[in-house]
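**Q** So the protein lines, in turn, are chains X and B. Position 132 of the first sequence, counting from 1, maps to 132 under my numbering, and the rest follow consecutively. Position 174 of the second sequence, counting from 1, maps to 174 under my numbering, and the rest follow consecutively. No residue lacks a Cβ here, since even glycine has one placed at the ideal position from N, Cα and C. Small disclaimer: the values here were computed from a predicted structure and weren't measured. Okay, here's the structure, questions in a sec.
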Amino acid sequence: MKFSYSWLCDHLETDKNANEIGEALTNLGLELESLTDYSEYSKFVVATIKDFRKHPNADRLNICKVDDGTNTYQVICGANNVKKGLKGIFAKDGMYIPGTQINLKKGKIRGEISEGMLLSERELNLSDDHEGIIELLDDFENGTSAVEALKLNDPIFEIGITPNRGDCLGVRGVARDLSAKGVGKLKPLNFKKINQLEFASPIIWNINNDDNSCEYVVSRYFKNVNNSKSPEWLQKKLISLGLRPINALVDITNYITIDLGRPLHVFDADKIGKKLDMRLANAKERILALDNKEYTLDKNTTVIADGNNALAIAGIIGGDLSGCTDDTKNVFLEVALFNPNSVAQTGRSLGINSDARYRFERGLDKNMVIEGLEYASYLINKICGGLVSKNIEAGKLENFEHKINYNFDYFNKTIGLELDPQKQIKILKDLKFQINKSNEKECEVLVPSWRNDVKNKIDIVEEIIRIYGYENIKQSVPSATIDEIDKIDNSSSNKKFKSIKKLKKTLISNGISEVITFSFHSIRAQEILKGDKSLKISNAISDDQSYMRNSMIFNHLESAELNFKKGFKNIQLFEIGPIYNSSQSQENILSLLISTEENTNSIYKSEEFNFYSLTELTSILISSLNFDIKQFNILRSTSNTYHPGQSAELFMGKKLIARYGKVHPLIMEEFPKLKNCYAIELFFENLPIDSISRANNINILDSQFQFSEKDFSFLFEKEQNLYEVQRYVKGLDKNLIKNVEFFDLYVAKDLGDDSKSVTFRVTIQSKEKTLEEKDLEQLHKNILEKVSNKFKAKIRS
Amino acid sequence: MDIKKVLNEVTKEIEQSSSQQELQNVKVAYLGKKGKITELLKSLKDLSLEEKKSSGSKLNLLRIEVDNLIKNKFNDLKIEEINSKLKNEYLDISFPPPNSIASKAHPISKTFDEVITIFGSMGYSVAEGPDIETDFFNFSALNIPENHPAREMQDTFYIDDKDKEGKSYVLRTHTSPVQIRTLLNQKPPVKIIAPGRTYRCDSDSTHSPMFHQVEGLFINENANMGDLKGTLIEFCKQFFNVQNLKVRFRPSYFPFTEPSAEMDIAYEIVNNKIQLGQGDRWLEILGCGMVNPIVLENCNVDTNTYQGFAFGVGLDRITMLKYGLTDIRSFFSGNLNWIASNGFTIGEF
């Protein structure tokens with residue numbers, strides 16, 4: 001909402017300057033978004049070029065003699081519109097030029113002294129025009145301030161109006177709120193009612209089949225008007241807000257929309273039928289609107305129509321064919337009350353944002369219907385002349401009446417501030433709320449007609465504190481109670497964030513950086529990774545962001561590719577965040593991607609990253625969550641994201657805990673630049689939260705007795721799950737077998753296609769004594785027998 | 001017997017030994033079973049008691065001294081040998097390592113952590129809700145009815161799929177639905193924060209289609225607007241680490257709070273950089289207010305007994321302000337250079 005200082009003063013008698021008013025607006029909840037105030041431009045003055053000559057050392061420059069009314073200055077000027085007698089705007093040595101953001105300094109230009117500057121519009125931030133210097137057309141005296149000469153003496157306010165404050169979508173409403181804040185006095189609305197209503201309107205109204213979208217409509221017919229340019233005062237008002245004057249009739253309706261916040265419409269009475277209907281549109285009915293676009297309507301749209309055609313979309317926009325032009329002789333003025341909901345719905349479905357819609361959908365002041373009619377009639381009659389008809393109306397204008405029972409204590413309890421009932425009442429009265437009955441505890445409040453947003457007693461509290469001032473609220477900090485600390489300690493979400501932090505620290509200390517990527521998937525990713533259909537975004541910004549992701553791997557490959565293009569060869573990144581299985585199911589997981597290049601450095605050679613390096617990393621991550629990778633069931637992964645032979649899934653019961661492996665070559669075809677990509681997905685939310693968030697997990701009893709190591713080699717079936725073997729061996733003697741470490745795997749033709757040779761080392765240690773040779777031998781024998789029986793394994797050594 | 005002569009002789013031989021083996025030979029020749037000094041000691045038995053006494057102690061001193069000389073020489077030789085061996089093991093210490101980049105945590109992670117810690121110290125526990133929400137939780141329960149202009153304050157992403165009421169799922173436009181989920185699930189008092197991802201269909205250098213918010217909710221018998229003000233000022237002081245913080249609360253409008261407010265903090269430009277806390281310019285930090293009784297009633301909370309406040313803070317925004325970051329899009333680009341410059345090492349995190 002934009003308005004000028006002088007326009008505000010039409011309604012408000014005030015001695016406050018623009019800055020003070022701007023601050024008051026913000027404190028009222030009418031946030032000042034910008035204040036364009038040129039008062040500091042009064043230092044720039046009108047000056048005349050007395051004479052000029054070519055600069056001896058520069059073709060395009062002129063040396064001008066400039067008179068500012070007090071002195072004559074030599075000014076070097078490069079503008080192409082320099083001429084003798086030109087009146088422009090002059091800046092002296094030392095002045096700050098807002099458009100170029102520099103302080104002017106007296107000095108020589110190509111050997112000739114320059115003592116000031118003649119300014120362009122751009123140098124004054126008035127426009128982008130820097131074709132030439134400003135050329136004043138009116139004859140101002142030299143020395144007149146630029147503010148006066150350029151008519152910049154009217155600051156423009158732009159304020160943000162929250163959706164509840166439809167009453168402030170007119171300058172008068174803003175003035176009313178300011179007056180309640182004590183910024184000034186609201187002036188009475190200045191117009192005369194037309195006393196002589198000469199005749200009955202030849203055009204009549206009929207509201208039918210409108211789905212209750214129009215409560216009331218009232219009109220007047222103006223005979224023999226003379227429509228032409230509107231008077232200067234009106235044009236200037238509109239221009240000051242950047243609006244283009246059109247003709248008097250249209251300008252008047254635009255003016256009243258901004259001045260009173262009351263949209264109304266004028267039809268050229270000779271272009272419409274004699275019987276107007278307020279009705280729902282027919283299916284596919286069309287209308288060419290004032291914005292020069294043709295709209296196809298549906299059965300939910302209310303239109304104003306005559307016998308043949310839709311003339312206007314109710315509360316939103318007029319039709320082009322029935323609009324007023326310079327030739328208009330007879331006018332039909334329409335002032336209506338439309339249902340905010342139906343205006344909002346229609347406006348949204350047609351995509352029309354008009355000043356009328358904006359106001360109607362926020363709800364209008366019912367008492368402003370007749371006032372708007374009278375005000376518009378007065379202006380039309382005054383500016384365009386002619387005769388005015390009696391009112392013609394349809395529907396019924398109900399009185400706005402809303403009462404709220406309010407007890408003064410409610411303010412104190414809500415705000416935490418004792419405010420005397422008399423002070424509360426004073427504020428409400430300043431806001432033009434009526435106090436009907438009151439005692440020291442409570443009162444009955446009658447809400448003014450323009451405040452349809454004030455519905456409940458809490459809204460009364462807001463009104464009082466808004467005027468009393470948020471800055472007067474006393475602050476206090478409620479500290480944590482024991483119960484609250486208890487809740488935090490027991491909150492599973494708190495525990496989860498703690499575990500996540502632990503996980504992040506482990507990852508970072510392993511050289512992996514954290515990224516955060518969008519929760520979206522491209523169409524391509526969705527196709528390849530086969531996400532659930534319910535994840536499609538209806539109004540996506542682009543194809544790249546048209547689904548919710550069911551995995552992060554694609555996003556991370558994209559990140560890796562981006563980093564590859566920046567020169568990174570070895571990329572390690574992770575993200576902890578949500579993936580979406582369907583519209584009703586999401587989970588937080590850790591997803592990690594490692595992309596490595598072949599190592600070409602002959603000095604700094606490191607082992608090439610492979611599936612086993614990835615497994616080790618997975619194991620480290622799981623350890624940081626207080627679990628041991630080997631306690632899970634391991635299976636080959638069937639996910640189409642991974643290489644089928646180099647990927648694994650870990651399960652706890654039926655719950656998937658982790659999936660990791662080499663990214664499937666088919667996916668890698670989408671990222672031809674990247675070579676060796678491995679990923680881990682850790683579904684940590686499937687692990688019991690109490691276990692993973694525990695601080696100390698490790699409980700290893702340190703024995704002081706000697707330990708012994710023994711290696712075992714077996715021939716297993718090729719698909720034998722070695723995690724099972726390990727768990728089995730460890731379980732053979734929980735007291736003595738301290739560790740089982742696998743260290744060799746041999747698969748070759750000479751063993752046959754179905755076998756693999758595996759070697760592991762068993763560490764044996766007692767907590768009670770140094771074991772004797774015979775105890776050890778017994779245990780070794782036991783391991784050999786039991787393992788070979790259990791797994792049908794051949795002993796190799 | 002000339003002890004001095006023997007000492008000179010043996011000292012010379014020790015000094016001339018150039019390897020541990022040679023030295024060992026010297027040791028045997030003098031201190032071995034048939035060594036010269038051993039023999040001299042043996043010959044003492046033929047002497048008189050007095051001679052035994054004087055010569056014996058001299059000989060013993062000689063033995064100890066020779067033994068020490070040999071030990072020291074052994075040590076010297078060992079160090080010499082290791083040193084000459086190490087000479088062959090010298091590497092080019094100046095061969096530059098491959099380029100590497102510091103691994104760091106994302107600034108948003110740091111902010112999440114600080115927010116949870118600061119509010120935790122004030123008694124707020126963490127709550128969560130889904131990103132894909134129903135119309136009920138994201139809008140209608142929060143007093144944002146259909147066709148209400150407030151819906152247009154937020155550009156909503158919709159999902160094709162429809163909920164039980166036949167309404168399209170939405171990507172939550174704010175973290176406020178967690179207020180409803182929490183209040184429907186647990187009886188007051190309630191004191192929670194809910195950090196998480198939020199979405200609006202908007203994209204430029206200050207708007208991202210995905211961003212982060214933290215919601216706060218405190219409901220009990222008497223939590224009032226002064227408590228709200230104090231809590232948020234305290235949070236900002238701690239988060240921005242500015243003790244002397246100039247703030248402004250001004251009236252605003254959110255359908256789910258009444259009265260509503262926005263909080264601004266003062267700033268000034270010093271050396272082309274934003275400095276928070278003082279000055280006469282204002283930055284909007286967050287929206288807040290007393291929970292609208294309509295919302296509490298929607299959650300079956302008795303408004304005669306309970307009241308309280310709620311707030312919502314844009315986490316990306318406060319992160320950008322705190323660390324002087326300018327383009328929100330770089331937050332989600334996965335650019336490791338950006339993370340290395342703007343992220344946090346394990347010690348800082």
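(1) Going along the chain, which residues of the region 141 to 175 of chain X sit with their C-beta nearer than 8 Å to a C-beta in chain B?
(2) Do X/V250 and X/G386 come within 7 Å of each other at the CB atom, strictly closer than that value?
(3) According to DSSP, is X/H643 part of a helix, a strand, or is it coil?
(4) Measuring only the C-alpha atoms, how far is X/D68 from X/I425?
(5) Helix, strand or coil for X/Y216 per DSSP?
(6) Measuring alpha carbon to alpha carbon, tell me which of X/S595, X/T257 and X/L650 ends up nearest X/E561.
(7) Please identify, using Cβ separations under 7 Å, the residues of the region 297 to 326 of chain B that lie next to chain X, in order along the chain.
(8) Is X/F90 close to chain B? Criterion is C-beta to C-beta, closer than 7 Å.
(9) Indicate the three-state DSSP secondary structure (helix, strand or coil) for X/Q584 in the structure shown.
(10) What does DSSP give as the partner residue(s) for B/W282 in the beta ladder?
(11) Helix, strand or coil for X/M552? Go by DSSP, reduced to three states.
(12) Between X/K738, X/E123 and X/P188, which has its C-alpha nearest X/K131's C-alpha?
(13) Helix, strand or coil for X/A480, going by three-state DSSP, please let me know.
(14) Taking only the alpha-carbon atoms, compute the straight-line gap between B/S176 and B/H212 and give it to the nearest angstrom.
(15) Checking contacts by CB at 7 Å: is B/Y30 closer than that to chain X?
(16) Indicate whether at least one CB of chain X lies closer than 7 Å to the CB of B/R329.
(17) Using only alpha-carbon positions, find the residue among X/V343, X/S349, X/N367 and X/P672 that is nearest to X/A356.
(18) Would you grab the beta carbon distance between X/H11 and X/L186 for me? Rounded to a whole angstrom, and I think it's under 8 Å.
(19) What are the complete alpha helix (DSSP H) segments, minimum 4 residues, inside the region 658 to 693 of chain X?
(20) By Cβ distance below 6 Å, which residues in the same chain neighbour B/V10 in space, the five residues on each side in sequence not counted?
(21) On the CB-based measure, 16 or more other CB atoms within 10 Å of its CB, does X/T144 come out buried or exposed?
(22) Given B/E326, which residues of its chain have a CB within under 8 Å of its CB, disregarding the five upstream and five downstream residues?
(23) State the beta-bridge partners of X/W205 as determined by DSSP.
(24) Measure the alpha-carbon distance for X/A248 versus B/P130 and round it to whole angstroms.
(25) Expressed to the nearest angstrom, what Euclidean distance is found between the alpha-carbon atoms of X/W205 and X/I256?
(26) Listed in chain order, which residues of the region 385 to 410 of chain X have Cβ atoms closer than 7 Å to some Cβ of chain B?
(27) Give the residues of chain X in contact with B/Y169, contact being defined as C-beta atoms less than 7 Å apart.
(28) Note down, in chain order, each residue of its chain lying with its Cβ closer than 6 Å to the Cβ of X/E681, except the 5 sequence neighbours on either side.
(29) Give the residues of chain D in contact with B/R250, contact being defined as C-beta atoms less than 8 Å apart.
(30) For X/K329, which residues from the same chain have a beta carbon less than 7 Å from its beta carbon, with the 5 sequence-adjacent residues on both sides left out?
(31) Within this structure, are the beta carbons of X/I553 and X/T481 separated by less than 7 Å?
(32) For the beta strand (DSSP E) containing X/S708, name the first residue and the last one.
(33) Between X/T253, X/S377, X/I508 and X/E717, which lies nearest to X/I620 when the distance is taken from Cα to Cα?
(34) How about X/A248: is its C-beta nearer than 7 Å to some C-beta of chain B?
(35) Report buried or exposed for X/K83, applying the criterion of at least 16 other Cβ atoms within 10 angstroms of its Cβ.
(36) Near B/T305, which residues of its chain fall below 7 Å by C-beta distance, leaving aside the five closest residues on each side in sequence?
**A** Looking at the atomic coordinates:
(1) Listed by position along the chain: T162, P163, N164 and R165.
(2) No.
(3) DSSP places X/H643 in strand when its eight states are reduced to three.
(4) Whole-angstrom Cα-Cα distance: 57 Å.
(5) Strand at X/Y216.
(6) It is X/S595 whose Cα lies nearest to the Cα of X/E561.
(7) Cβ contacts with chain X: Q307.
(8) No, X/F90 lies away from the interface with chain B (no Cβ there is under 7 Å from its Cβ).
(9) If DSSP states are grouped into helix, strand and coil, X/Q584 belongs with coil.
(10) According to the DSSP secondary-structure assignment, B/W282 is paired through a beta bridge with B/A266.
(11) Looking at X/M552 - three-state DSSP - the assignment turns out to be coil, as it is neither helix nor strand.
(12) In the sequence on display, residue 131 of chain X carries Glu and not Lys. The shortest CA-to-CA distance from X/E131 to any of X/K738, X/E123 and X/P188 is the one to X/E123.
(13) DSSP places X/A480 in the coil class of the three-state scheme, outside both helix and strand.
(14) In a straight line, the C-alpha of B/S176 is about 12 Å away from that of B/H212.
(15) Not an interface residue.
(16) Closer than 7 Å: no.
(17) In terms of CA proximity to X/A356, X/V343 leads the group X/V343, X/S349, X/N367 and X/P672.
(18) Right, their Cβ atoms sit about 6 Å apart.
(19) Listed in chain order, the alpha helix (DSSP H) elements of length 4 or more contained wholly in the region 658 to 693 of chain X are 665 to 668 and 689 to 693.
(20) If we look at B/V10 and ignore the five residues flanking it on each side, its Cβ neighbours are Y30 and V66.
(21) By the 10 Å Cβ count, X/T144 comes out buried.
(22) Rather than Glu, the amino acid found at residue 326 of chain B in this sequence is Thr. Taken in chain order, the residues that qualify are S205 and M320.
(23) Paired residues: X/L276.
(24) Going from the Cα of X/A248 to the Cα of B/P130 covers about 55 Å.
(25) For X/W205 and X/I256, the distance between alpha carbons rounds to 23 Å.
(26) Cβ proximity to chain B below 7 Å picks out nothing from the region 385 to 410 of chain X.
(27) Under the 7 Å cutoff, chain X gives S583.
(28) The residues are I589, S591 and R659.
(29) Of the protein chains in this structure, namely X and B, none is chain D.
(30) The residues are N224, V225 and D270.
(31) With contacts defined by Cβ atoms closer than 7 Å, X/I553 and X/T481 do not form a contacting pair.
(32) For X/S708, the enclosing beta strand (DSSP E) has its first and last residue at S708 to E717.
(33) Of the candidates X/T253, X/S377, X/I508 and X/E717, the residue whose Cα lies closest to the Cα of X/I620 is X/I508.
(34) False, the Cβ-Cβ gap to chain B never drops below 7 Å.
(35) So X/K83 ends up on the exposed side.
(36) Cβ neighbours of B/T305 beyond the five flanking positions: E221.
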